[in-house]
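Heads up: the structure comes next, in structure tokens.
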Amino acid sequence: MKGIIVIAALLCLTACDKGGSNDNSSNPSNPNNPSTPVTPTPTPVPVYDPQGTVYSSECDEYTLTEVIADGQGGEEERITQDSTECGYEDPIVDVEVVQDTGDRFDRVEFKVSATHYGEEIDWDFDIEYGTVIETEDGIEIASDGRLGTHVGIIAGEEYQYTFVREPKCEGTVEDHGSFSIPYDCQGYRQGSGTPFYIWYGEPDVDTRIVYWDVIQMYADARYDGLEGRPLIGEPNDYTLYRSEHLVKIVNERFEQWGIHVRIRLIGTYATRSPTSLTYHKYIEDGTLPPADFIANNQNAGAGYCGFAGQTGTFRDHKMKNRYLTFHNGCSADTWLHEMGHAVGLGHGPQTDNPGGGVTFPDFAQGAGGGSVCGPHYDMMTYGGGWNSKSFTSPYVDCERHYPDQYKQYHGTPSGSTEFSATGYAINRVRYDVSLVHDEWEHPEATDNPLEAMVDPDYSEPVYQVIYD
Ligand SMILES: [Zn+2]
Numbered sequence: 001m002k003g004i005i006v007i008a009a010l011l012c013l014t015a016c017d018k019g020g021s022n023d024n025s026s027n028p029s030n031p032n033n034p035s036t037p038v039t040p041t042p043t044p045v046p047v048y049d050p051q052g053t054v055y056s057s058e059c060d061e062y063t064l065t066e067v068i069a070d071g072q073g074g075e076e077e078r079i080t081q082d083s084t085e086c087g088y089e090d091p092i093v094d095v096e097v098v099q100d101t102g103d104r105f106d107r108v109e110f111k112v113s114a115t116h117y118g119e120e121i122d123w124d125f126d127i128e129y130g131t132v133i134e135t136e137d138g139i140e141i142a143s144d145g146r147l148g149t150h151v152g153i154i155a156g157e158e159y160q161y162t163f164v165r166e167p168k169c170e171g172t173v174e175d176h177g178s179f180s181i182p183y184d185c186q187g188y189r190q191g192s193g194t195p196f197y198i199w200y201g202e203p204d205v206d207t208r209i210v211y212w213d214v215i216q217m218y219a220d221a222r223y224d225g226l227e228g229r230p231l232i233g234e235p236n237d238y239t240l241y242r243s244e245h246l247v248k249i250v251n252e253r254f255e256q257w258g259i260h261v262r263i264r265l266i267g268t269y270a271t272r273s274p275t276s277l278t279y280h281k282y283i284e285d286g287t288l289p290p291a292d293f294i295a296n297n298q299n300a301g302a303g304y305c306g307f308a309g310q311t312g313t314f315r316d317h318k319m320k321n322r323y324l325t326f327h328n329g330c331s332a333d334t335w336l337h338e339m340g341h342a343v344g345l346g347h348g349p350q351t352d353n354p355g356g357g358v359t360f361p362d363f364a365q366g367a368g369g370g371s372v373c374g375p376h377y378d379m380m381t382y383g384g385g386w387n388s389k390s391f392t393s394p395y396v397d398c399e400r401h402y403p404d405q406y407k408q409y410h411g412t413p414s415g416s417t418e419f420s421a422t423g424y425a426i427n428r429v430r431y432d433v434s435l436v437h438d439e440w441e442h443p444e445a446t447d448n449p450l451e452a453m454v455d456p457d458y459s460e461p462v463y464q465v466i467y468d
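Structure representation (structure tokens):
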């Protein structure tokens, strides 16, 4: 076969040569026989693999290392971190806006879930407005008083949230010329001139716990402020134990009686003779931490177990002369009784010293033995003792107050808004009382009255001292 091709080529060469020399048919002047121009042979262009052509790849954990073509005939290395080819998966971050509008108590809430390969991973947030409370499954943001819509960053994304004023139990105000009587959203008569209270609902439905911050002062002769000695100092261990124990048993009772308040002890101090009602000035000058109350545990004076300031107006953002004082020799029910006065409760008509409540005159007062779950007493009435007195409520059954006693009264409410329901009155003012000082409030919130949470209806508290 090869031999035949060679022969044919030779024959052709011979024939062409022959025609070329003996015939003028290739003359360019003859238009019927054009010549073919000679094309120069092109220089061959090298063909390389396109840049990025992968020659080899290898995973080290989630890092992918590839050898690829550089497009010039060479190779280069390409490294990809967190490569899906090596099994890398992006973290799964899910932010749920549970509640985007809130206030100082009813918090804005975001649920955040961040996992990587099924394991929980850290995430962060940047919230300028409000106080962030980290929860088990996200964050809550309590208003710091700066109303309006704000933007925060949660797990890398921006979210909007809004702070509004707290709802109040607004009703009507009857004008009687020299005085006025407010009737709240449920028709309850309030003390003259008192503002409508912050209100989210009846205490059987709104069970949110509110904290009242208390400083306890104990008499201690070592701190008399004289001859270079300090006026305020640390308590001894026994005093500290008593202080903590008192708060503990008060909180146990609050829970038992359906009072949605817990006392938060923020300091116990020793001082000369805390009968002086001026210890609040040491809060204002920074010697003592801010509190809603100062409880003076010492001698209340001859013949008295205790005395207290009484007002129906709270929510003042300033440390007023708010105190309760009781005799160390009296029982812890005196502490509760004086605290009751400080939050506007009064004695009932069955007490030698009737005064009535200044928050809700119709029921923020005590009832005597024989009218509370059988023979028991309301805390705001004289008589009885630690185990036979309580703050009462139409929502709390006698069984919770006295589970092992006078069972014929189980099934009966401990109090009534017709006459005496001190625990109920406490629940109704608990939010306002916690705002005697507001540890979370941002300074701008009160500096700017247009934006401030301060109630425009707010008036300076009327204050009086009530003894025993
Ligand atoms: Zn009293």
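Letter by letter, the sequence shown follows residues 1 to 468 of this note's numbering.
Ideal Cβ placement from N, Cα and C applies to all residues, glycine included.
Inset, instruction - State the Cα-Cα distance for the pair H347 and V132, rounded to the nearest angstrom. - result: Rounded to whole angstroms, H347 to V132 spans 41 angstroms at the Cα level.
Inset, instruction - For D137, write down the residues that DSSP places opposite it in a beta bridge. - result: None; D137 has no bridge partner.
Inset, instruction - Check whether the Cβ of H347 lies closer than 7 angstroms to any heavy atom of ligand 1, and answer yes or no. - result: Yes, Cβ of H347 sits closer than 7 angstroms to a heavy atom of ligand 1.
Inset, instruction - Note down, in chain order, each residue of its chain lying with its Cβ closer than 7 angstroms to the Cβ of P50, except the 5 sequence neighbours on either side. - result: Leaving aside the five residues that flank P50 on each side, the residues in its chain whose CB is nearer than 7 angstroms to its CB run, in chain order, A69 and G71.
Legend entry - Nearest candidate by alpha-carbon position, reference G369, set Q160, P349, G306 and G383: From the listed residues Q160, P349, G306 and G383, the smallest Cα separation to G369 is found for G383.
Inset, instruction - Could you tell me the distance, in whole angstroms, from the CA atom of V250 to the CA atom of L336? - result: Taking the straight line joining both Cα atoms gives about 8 angstroms.
Inset, instruction - Below 7 angstroms CB to CB, which residues in the same chain sit around Y467 once its five sequence neighbours on both sides are set aside? - result: Once the five neighbours on either side are set aside, the close Cβ partners of Y467 are Y304 and F307.
Legend entry - Integer Cβ distance of R272 from G225, believed to fall under 8 angstroms: In this structure, R272 and G225 form a Cβ contact; the two beta carbons are roughly 6 angstroms apart against a cut-off of 8 angstroms.
Legend entry - The beta strand (DSSP E) enclosing Q216, as first and last residue numbers: Going by DSSP, Q216 is part of the beta strand (DSSP E) stretching over V210 to A219.
Inset, instruction - Can you tell me which of the three DSSP states H437 falls into? - result: Looking at H437 - three-state DSSP - the assignment turns out to be coil, as it is neither helix nor strand.
Legend entry - N296: first and last residue of the uninterrupted beta strand (DSSP E) it sits in: Run containing N296: F293 to N297, per the beta strand (DSSP E) assignment.
Legend entry - Spatial neighbours of T63 in its chain, beta-carbon cut-off 6 angstroms, leaving aside the 5 residues before and after: Excluding positions up to five away in sequence, the list reads Q81.
Inset, instruction - Measure the C-alpha to C-alpha separation of D106 and I141 and round it to an integer number of angstroms. - result: Their backbone Cα atoms lie some 9 angstroms apart in a straight line.
Inset, instruction - Would you mind reading off the limits of the alpha helix (DSSP H) that contains T239? - result: Run containing T239: D237 to Q256, per the alpha helix (DSSP H) assignment.
Legend entry - Cross-strand partners of Y467 (DSSP beta bridge): Beta-bridge pairing links Y467 to F307.
Legend entry - Residue of V433, T351, Q256 and C373 minimising C-alpha distance to G366: Among V433, T351, Q256 and C373, the Cα nearest to that of G366 is on T351.
Inset, instruction - Below 8 angstroms on the Cβ atoms is my guess for S371 versus S393; work out the distance and round it to an integer in Å. - result: 14 angstroms between Cβ atoms; not a contact.
Legend entry - Cβ pair G385, D333 closer than 8 angstroms: Judged by their CB atoms, G385 and D333 are nearer to each other than the 8 angstroms cut-off.
Inset, instruction - Let me know if V98 comes out buried or exposed under the rule of 16 or more other beta-carbons within 10 Å of its beta-carbon. - result: V98 is exposed by the Cβ-count criterion.
Legend entry - A155 versus D124: straight-line alpha-carbon distance, rounded: One alpha carbon belongs to A155, the other to D124, and they sit about 5 angstroms apart.
Inset, instruction - State yes or no: is the C-beta of D468 nearer than 7 angstroms to some heavy atom of ligand 1? - result: Checking every heavy atom of ligand 1 against the Cβ of D468, one is found closer than 7 angstroms.
Inset, instruction - Say whether chain D places a C-beta atom closer than 8 angstroms to the C-beta of G411. - result: In the structure shown, chain D cannot be found, because there is only a single protein chain.
Inset, instruction - Check T334 in the structure and name its three-state DSSP category. - result: Assignment of T334 by DSSP, reduced to helix, strand and coil, places it in the helix class.
Inset, instruction - Express the C-alpha separation of R78 and E66 in angstroms, rounding to a whole number. - result: Looking at the two C-alpha atoms, the distance is approximately 5 angstroms.
Inset, instruction - Please classify P289: does DSSP put it in a helix, a strand, or coil? - result: P289 falls in the coil class under three-state DSSP.
Inset, instruction - Taking only heavy atoms of ligand 1 into account, decide whether any of them is closer than 7 angstroms to the Cβ of H327. - result: Flag unset: Cβ of H327 not near ligand 1.
Inset, instruction - Report buried or exposed for S541, applying the criterion of at least 16 other Cβ atoms within 10 angstroms of its Cβ. - result: Outside the displayed span of the chain (1 to 468) sits residue 541, for which this structure offers no information.
Inset, instruction - For the beta strand (DSSP E) containing K111, list its first residue and its last residue. - result: For K111, the uninterrupted beta strand (DSSP E) run begins and ends at V108 to H116, by DSSP.
Legend entry - Supposed close pair S113, D94 - CB separation, criterion 8 angstroms: With 8 angstroms as the limit, S113 and D94 qualify as a contact, their Cβ atoms being about 5 angstroms apart.
Legend entry - Short Cβ contact (8 angstroms threshold) for D104 with E170: Here residue 104 turns out to be Arg, not Asp, going by the sequence shown. Not closer than 8 angstroms, so no.
Legend entry - Straight-line gap, V358 to V210 (C-alpha atoms, nearest Å): Within the model, the alpha-carbon separation for V358 versus V210 is close to 21 angstroms.
Legend entry - Cβ neighbours of Q160 in the same chain (closer than 6 angstroms, five flanking residues each side left out): The residues are T149 and V151.
Inset, instruction - For T172, I'd like the list of residues in its chain whose CB is within less than 6 angstroms of its CB, leaving aside the five on either flank, ordered along the chain. - result: Excluding positions up to five away in sequence, the list reads Y183.
Inset, instruction - Report the rounded CA-to-CA distance for E120 versus P289, giving the unit in angstroms. - result: Distance between E120 and P289, taken at the CA atoms: about 38 angstroms.
Inset, instruction - Quick one: residues in its chain with C-beta nearer than 6 angstroms to the C-beta of Y188, no 5 flanking neighbours on either side, listed in chain order? - result: Excluding five sequence positions before and after Y188, the CB atoms of its chain that fall closer than 6 angstroms to its own CB belong to F360, given in chain order.
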